[in-house]
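As structure tokens, the structure follows; a few thoughts come after it.
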Amino acid sequence: MQRTSMPLSYTEEEEALAAIAKALAHPVRVRILQLLAGQACCFTGELTGLIPMAQSTISQHLKALKEAGLIQGAIDPPKVKYCIDRERWAKAQELFGEFFDLDGQGKCC
Numbered sequence: 001m002q003r004t005s006m007p008l009s010y011t012e013e014e015e016a017l018a019a020i021a022k023a024l025a026h027p028v029r030v031r032i033l034q035l036l037a038g039q040a041c042c043f044t045g046e047l048t049g050l051i052p053m054a055q056s057t058i059s060q061h062l063k064a065l066k067e068a069g070l071i072q073g074a075i076d077p078p079k080v081k082y083c084i085d086r087e088r089w090a091k092a093q094e095l096f097g098e099f100f101d102l103d104g105q106g107k108c109c
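In this text, residue positions in the sequence shown follow UniProt numbering: the first is 1, and each later residue adds one.
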């Protein structure tokens with residue numbers, strides 16, 4: 001008898017944690033977050049001076065971080081400034097803290 005698999009459903013927290021983890025999965029994005037964490041805001045052009053990459057590449061990384069909700073951007077023509085989304089950052093810390101606190105709840109092997 002063939003078994004059909006049911007589609008998995010994920011909690012909102014699992015989806016959020018996965019989205020944040022995916023956004024953090026590139027060292028350039030980690031570097032961008034480190035730079036932004038140390039200041040109130042930063043313009044895209046300033047990041048290209050600090051990270052030796054094309055502005056278009058940095059913009060793609062900023063887009064991934066923004067989609068994950070870790071940063072927010074504001075248009076200040078002709079520039080776009082970015083900063084850490086403090087509320088979402090706190091939520092990310094909470095989610096990762098809960099996730100890593102799972103240790104010890106079960107024994108393996």
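No residue lacks a Cβ here, since even glycine has one placed at the ideal position from N, Cα and C.
What residue from the options has the CA that sits closest to residue i's CA?
i: Ile84; options: Phe96, Leu102, Thr48, Ile32; result: Ile32
i: Trp89; options: Tyr10, Gln72, Pro77, Leu102; result: Gln72
i: Phe100; options: Cys41, Leu36, Glu14; result: Glu14
i: Gly69; options: Arg29, Ile51, Gln55; result: Arg29
i: Thr48; options: Ile58, Cys41, Gln93; result: Ile58
i: Ile75; options: Tyr10, Cys42, Gln60; result: Cys42
With residue i and residue j assumed to form a contact (beta carbons below 8 Å), what rounded beta-carbon distance in angstroms separates them?
i: Thr44; j: Lys79; result: 7 Å
i: Ala64; j: Ala21; result: Incorrect: roughly 12 Å between the Cβ atoms, too far for contact.
i: Tyr82; j: Leu36; result: 6 Å
In whole angstroms, give me the CA-to-CA distance for residue i and residue j.
i: residue 111; j: Leu17; result: Beyond the ends of the chain as shown, which are 1 and 109, falls residue 111; an answer cannot be given.
i: Gln93; j: Ser5; result: 33 Å
i: Gln55; j: Lys66; result: 16 Å
i: Gln60; j: Tyr10; result: 27 Å
i: Met53; j: Leu102; result: 38 Å
i: Gln34; j: Pro77; result: 25 Å
i: Ala40; j: Arg86; result: 11 Å
i: Ala25; j: Glu12; result: 20 Å
i: Ala19; j: Leu62; result: 14 Å
i: Pro27; j: Gly38; result: 17 Å
Beta strand (DSSP E) segments (min. 3 residues) lying fully within the stretch 29-106: 71-76, 79-84
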